[in-house]
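**Student:**
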Amino acid sequence: MGERKQRLFFVDNLRLAMIVLVVLVHASVTYSGVGNWYFKDLAPQGPVSLLVFILFQGTCQSFFMGLLFLLAGYYARASLLRKGGREFVLGRLTRLGLPSLFYMVVINPFIVHTLADIGGIGSRMTLSEYWISYMTGGYVLGGSGPMWFAVALLVFCLVYAALCAIRPPSGRQEARAFRPRMALGLILLCAAGSFLVRLRWPVGATVLNMQLCYFTQYVVFFILGLAAHKNDWLRTMDAGFGRLCLLSAAVGVVLFGVVAWSAMGAEGLEPYFGGPSWASLFMTVWEAVLGVCISLGLITLAREKWEKTGPLLKWLTDSAFAVYVFHSPLVVGLGRLLEPVQAPALAKCLLLGGLALPLSFGLAWIIRRTPLLRELVKA
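Sequential numbering from 33 applies to the sequence shown in the working numbering.
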């Protein structure tokens with residue numbers, strides 16, 4: 033058991049990489065016009081740059097949040113076995129609930145009113161007036177912004193803890209090896225579930241800021257993370273299989289590029305977002321294949337190449353959650369400042385991402401040294 037207690041540096045590094053992608057995706061949505069975000073600057077762009085945006089965002093969406101749920105599930109089981117149910121629940125309420133509440137009550141209304149000035153609301157009422165209506169009108173319930181992930185993860189953890197209270201897990205069960213056919217089962221499960229959910233909630237539809245169209249993957253991957261800890265899959269998954277997964281994903285990205293280019297010149301991407309159509313079925317299968325293949329491939333690749341740390345890398349991984357919580361006002365504020373710049377959308381996106389990333393980590397450095405706030409973002 034001593035080996036299992038060692039920190040997996042490559043898991044921390046993967047989590048860091050996914051949060052970097054979160055910041056870059058939000059910078060991309062600012063200029064692509066594809067997806068939901070506080071502020072969009074529809075700078076000039078041609079079909080090629082739009083395709084680049086669609087490929088980048090679509091590929092990231094297929095795996096990056098699911099992989100975060102997988103890694104969270106891995107550490108959730110480890111934490112519950114180590115701490116017990118009561119401490120686990122209290123820890124998750126503190127670790128996930130408090131920063132989510134802070135974001136919903138403080139950060140989100142500030143972004144909506146002052147930074148993004150959505151619908152020109154800043155000219156109609158003061159920040160305090162908006163905040164009162166935001167709270168009393170119940171809009172705070174849908175004000176989680178990117179912290180929807182922490183809210184959903186908290187719910188997953190509470191459900192898991194409740195199930196474990198009924199049937200406690202054992203840390204001594206015999207481990208099962210991860211088989212390639214399991215990956216096929218994950219793909220089929222994610223694709224079928226997503227297709228059915230999108231009959232009612234297509235891509236873009238939200239319920240309390242949750243895009244339920246992606247939640248089949250999130251639930252499946254969280255459970256996969258629990259199983260990965262139980263069976264030690266992150267350490268033992270075959271590296272050759274992981275490389276095959278990444279190769280399959282690369283082919284899938286090229287295929288999606290061809291499909292997206294064709295759709296841009298025909299009926300558009302709307303049929304791919306949901307409903308009883310072949311286009312929606314293709315999209316859910318494509319997302320499932322890429323989500324599973326990229327996630328498993330990155331796990332084995334990171335285990336081989338990125339199982340290391342150091343002063344700078346440790347500081348970055350320790351700051352990752354603070355970046356996640358506080359990057360939104362920076363991305364929105366910088367986007368507004370760059371709005372007068374006359375440049376193509378892709379160039380402005382690269383500029384925004386290049387500024388937002390270091391500044392987000394700089395802000396995280398300040399947050400982690402500020403009393404009270406640092407308690408919200410403990411690594």
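Yeah, the Cβ is synthetic: ideal placement off N, Cα and C, and Gly gets one too. Note that the coordinates shown come from a computational prediction; the quantities given were computed from them, not determined experimentally.
Output needed for Lys340: all residues of its chain with C-beta closer than 7 Å, excluding positions within five of it in sequence on either side, in chain order.
**Tutor:** Reading the sequence shown from its first residue, position 308 is the one you call residue 340. These residues qualify, in order along the chain: Phe41.
**Student:** Can you check which of these residues, Tyr356, Val317 and Arg267, is closest to Gly284 by C-alpha distance?
**Tutor:** Within the sequence shown, numbered from 1, the residue matching residue 284 stands at position 252. Answer by Cα proximity: Val317.
**Student:** In chain order, which beta strand (DSSP E) runs of at least 3 residues are fully inside the region 117-162?
**Tutor:** none
**Student:** Taking the Cβ atom as the reference point for each residue, do Gly306 and Leu387 lie within a distance shorter than 8 Å?
**Tutor:** As a first step, residue 306 is located in the sequence shown; it is residue number 274 there, counting from the start. As a first step, residue 387 is located in the sequence shown; it is residue number 355 there, counting from the start. Contact: no.
**Student:** Trp397 by DSSP, collapsed to three states: which one?
**Tutor:** For this step, residue 397 is matched to residue 365 along the sequence shown. Here Trp397 sits in helix by DSSP.
**Student:** DSSP three-state call for Met269: helix, strand or coil?
**Tutor:** Here residue 269 corresponds to residue number 237 of the sequence shown, with the count starting at 1. DSSP places Met269 in coil when its eight states are reduced to three.
**Student:** Using the three-state DSSP reduction, which class does Val191 fall into: helix, strand or coil?
**Tutor:** By 1-based counting over the sequence shown, the position of residue 191 is 159. It is helical.
**Student:** State the CB to CB distance for the pair Glu319 and Ser94, rounded to an integer number of angstroms; the pair is presumed to be in contact (CB under 8 Å).
**Tutor:** Your numbering for residue 319 matches position 287 in the sequence shown. Your numbering for residue 94 matches position 62 in the sequence shown. By a beta-carbon distance limit of 8 Å, Glu319 contacts Ser94. Their separation comes to about 5 Å.
**Student:** What is the C-beta distance between Ala354 and Ala292, in whole angstroms, given that I count them as a contact (C-beta under 8 Å)?
**Tutor:** Counting from one through the sequence shown, the residue named residue 354 turns up at place 322. Counting from one through the sequence shown, the residue named residue 292 turns up at place 260. Contact doesn't hold; Cβ gap of about 35 Å is too wide.
**Student:** Taking just the CA atoms, how far does Leu125 sit from Glu119?
**Tutor:** In the sequence shown, the residue the question calls residue 119 occupies position 87. In the sequence shown, the residue the question calls residue 125 occupies position 93. The alpha-carbon atoms of Glu119 and Leu125 are separated by roughly 10 Å.
**Student:** Does Gln243 pass the burial test, meaning 16 or more other C-beta atoms within 10 Å, or should it be called exposed?
**Tutor:** The count along the sequence shown starts at 1 and reaches residue 243 at position 211. When all chains shown are included, Gln243 counts as buried.
**Student:** Which runs of the alpha helix (DSSP H), 4 residues or longer, sit entirely within the region 39-105?
**Tutor:** 41-64
**Student:** Just checking, does the region 320-329 make contact with the region 96-115 on the three C-beta pairs under 8 Å criterion?
**Tutor:** yes
**Student:** Kindly give me the distance between the Cβ atoms of Leu87 and Phe288, rounded to whole angstroms, as I take these residues to be in contact under 8 Å.
**Tutor:** Counting from 1 along the sequence shown, the entry for residue 87 is found at position 55. Counting from 1 along the sequence shown, the entry for residue 288 is found at position 256. With 8 Å as the limit, Leu87 and Phe288 qualify as a contact, their Cβ atoms being about 7 Å apart.
**Student:** In chain order, what residues of the same chain have a beta carbon less than 7 Å from the beta carbon of Phe71, not counting five sequence neighbours either side?
**Tutor:** Reading the sequence shown from its first residue, position 39 is the one you call residue 71. So the qualifying residues of the chain are Thr62, Ala148, Val364, Gly367 and Arg368.
**Student:** How is Val239 classed by DSSP in three states: helix, strand or coil?
**Tutor:** Position 207 of the sequence shown holds residue 239. Strand.
**Student:** Put Trp338 into one of helix, strand or coil per three-state DSSP.
**Tutor:** For this step, residue 338 is matched to residue 306 along the sequence shown. Coil at Trp338, not helix or strand.
**Student:** Helix, strand or coil for Pro308? Go by DSSP, reduced to three states.
**Tutor:** Walking along the sequence shown from the start, residue 308 turns up at place 276. Correct three-state label for Pro308: coil.
**Student:** Out of Tyr162, Cys222, Leu240 and Arg267, point me to the one whose CA is closest to Phe247's CA.
**Tutor:** As a first step, residue 247 must be located in the sequence shown, where it is residue number 215. Closest option to Phe247, Cα to Cα, is Cys222.
**Student:** Alpha carbon to alpha carbon, how far is Val321 from Val286?
**Tutor:** Start at 1 with the first residue of the sequence shown, and residue 321 comes out as number 289. Start at 1 with the first residue of the sequence shown, and residue 286 comes out as number 254. Rounded to whole angstroms, Val321 to Val286 spans 13 Å at the Cα level.
**Student:** Note down the Cα distance separating Tyr162 from Gln374, rounded to an integer number of angstroms.
**Tutor:** Position 130 of the sequence shown, counted from the first residue, corresponds to residue 162. Position 342 of the sequence shown, counted from the first residue, corresponds to residue 374. Each residue's Cα considered, the two are about 32 Å apart.
**Student:** Beta-carbon separation of Phe253 and Leu313 under 8 Å?
**Tutor:** Walking along the sequence shown from the start, residue 253 turns up at place 221. Walking along the sequence shown from the start, residue 313 turns up at place 281. Against a cut-off of 8 Å, the Cβ pair of Leu313 and Phe253 comes out as no contact.
**Student:** Return the CA-CA distance between Gly169 and Gly175, expressed in angstroms with no decimal places.
**Tutor:** Translated into positions along the sequence shown, residue 169 becomes position 137. Translated into positions along the sequence shown, residue 175 becomes position 143. When rounded, the distance between both Cα atoms is 12 Å.
**Student:** Taking only the alpha-carbon atoms, compute the straight-line gap between Met315 and Tyr304 and give it to the nearest angstrom.
**Tutor:** Here residue 315 refers to the residue found at position 283 when the sequence shown is read from its first residue. Here residue 304 refers to the residue found at position 272 when the sequence shown is read from its first residue. Looking at the two C-alpha atoms, the distance is approximately 6 Å.
**Student:** For the alpha helix (DSSP H) holding Gln249, just list the boundary residues, first then last.
**Tutor:** The count along the sequence shown starts at 1 and reaches residue 249 at position 217. Unbroken alpha helix (DSSP H) run through Gln249: Phe247 to Asn263.
**Student:** Keeping to the same chain, check which residues put their C-beta closer than 7 Å to that of Gly90; ignore five residues upstream and five downstream.
**Tutor:** Within the sequence shown, numbered from 1, the residue matching residue 90 stands at position 58. Correct list, in chain order: Phe288.
**Student:** When the Cα atoms are used, what is the spatial distance from Thr402 to Ser351?
**Tutor:** Taking the first residue of the sequence shown as position 1, residue 402 is located at position 370. Taking the first residue of the sequence shown as position 1, residue 351 is located at position 319. About 13 Å.
**Student:** Using the rule of at least 16 other Cβ atoms within 10 Å of the residue's Cβ for burial, across every protein chain shown, is Val55 buried or exposed?
**Tutor:** If you number the sequence shown from 1, residue 55 lands on position 23. Result: buried.
**Student:** Quick check: the Cα distance between Leu113 and Gly257, rounded to an integer number of angstroms?
**Tutor:** As a working note, residue 113 is residue 81 in the sequence shown. As a working note, residue 257 is residue 225 in the sequence shown. The straight-line gap from Cα to Cα measures roughly 14 Å.
**Student:** Considering only their Cβ atoms, is the gap separating Pro178 from Ser360 smaller than 8 Å?
**Tutor:** Along the sequence shown, one-based indexing puts residue 360 at 328. Along the sequence shown, one-based indexing puts residue 178 at 146. Yes, these two residues count as a Cβ contact at 8 Å.
**Student:** Quick check on Trp69: buried or exposed, where buried means 16 or more other Cβ atoms within 10 Å of its Cβ?
**Tutor:** Here residue 69 corresponds to residue number 37 of the sequence shown, with the count starting at 1. With 16 or more Cβ atoms within 10 Å of its Cβ, Trp69 is classed as buried.
**Student:** What are the boundary residues of the alpha helix (DSSP H) that Tyr356 is part of?
**Tutor:** For the purposes of this step, residue 356 is taken as the residue at position 324 of the sequence shown. Segment Pro343 to Leu369, the alpha helix (DSSP H) holding Tyr356.
**Student:** Express the C-alpha separation of Phe273 and Ser111 in angstroms, rounding to a whole number.
**Tutor:** As a working mapping, residue 111 is identified with position 79 in the sequence shown. As a working mapping, residue 273 is identified with position 241 in the sequence shown. Rounded to the nearest angstrom, the two C-alpha atoms are 29 Å apart.
**Student:** How close, in whole Å, do the beta carbons of Tyr192 and Val357 come, if the pair is a contact with beta carbons under 8 Å?
**Tutor:** On the sequence shown, residue 192 is found 160 positions in, with the first residue counted as 1. On the sequence shown, residue 357 is found 325 positions in, with the first residue counted as 1. Actually they are not in contact, since the Cβ atoms of Tyr192 and Val357 sit about 23 Å apart, beyond 8 Å.
**Student:** Roughly how many angstroms lie between the CA atoms of Trp338 and Arg267, to the nearest whole one?
**Tutor:** Within the sequence shown, residue 338 is the residue found at index 306, counting from 1. Within the sequence shown, residue 267 is the residue found at index 235, counting from 1. Their Cα atoms are separated by approximately 13 Å.
**Student:** Does DSSP classify Lys410 as helix, strand or coil?
**Tutor:** What you label residue 410 is simply residue 378 of the sequence shown in a count that begins at 1. Of the three classes helix, strand and coil, the one that applies to Lys410 here is coil, per DSSP.
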